[in-house]
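Here's the structure we're looking at; comments come further down.
Numbering (full-length UniProt numbering), first residue to last: 1 to 141.
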């Protein structure tokens, strides 16, 4: 089964059995929520729709975005991302991973962001032994 792997430089720190997910975070200065929807494929992570609540310092609403229910919705045409590289530091806060109608902080899988690990990669992978919290309602395989 294909799913989502999290780690760095090919080292798997955690796996999540999902075919699609939303990555969400708050801008470090403006505190505006951003969300990006991804589909997990053998070729990589395909970005679908993205949403942002507003603009601000270094945050421009993309051309062609449409305002719906308080958020700007838009799509970017990108090739499959394999991997998707994220900055992850204590000062910036943490990302949320949403799937199966629930959101969880990446800390649930990886522990809190650490200055000694300022980056994280997400990629599609064949799932091995589960390393996700089965008692939190996220599934058990």
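All C-beta atoms in this analysis are idealised placements derived from N, C-alpha and C, irrespective of residue type, glycine included.
- Taking 8 Å as the upper bound for CB-CB distance, residue 83 and residue 113 are not in contact here, some 18 Å apart.
- The beta carbons of residue 125 and residue 3 sit about 7 Å from each other, so the pair counts as a contact at 8 Å.
- The alpha-carbon of residue 53 is positioned some 24 Å away from that of residue 107.
- Beta-bridge pairing by DSSP links residue 41 to 44.
- Taking a C-beta distance under 8 Å as the contact criterion, residue 49 and residue 37 qualify as a contact pair.
- When secondary structure is reduced to three states using DSSP, residue 69 falls in the coil class, being assigned neither helix nor strand.
- Secondary-structure assignment with DSSP links residue 12 through a beta bridge to 7.
- DSSP places residue 97 inside the beta strand (DSSP E), whose first and last residues are 96-99.
- Rounded to whole angstroms, residue 42 and residue 110 show a C-alpha spacing of 23 Å.
- When DSSP states are grouped into helix, strand and coil, residue 127 belongs to the coil group.
- The Cβ atoms of residue 6 and residue 27 do not sit closer than 8 Å to each other.
- Sequence-distant partners of residue 66 (beyond 5 residues in either direction) whose C-beta falls short of 8 Å from its own C-beta, in its chain, are 72, 73 and 74.
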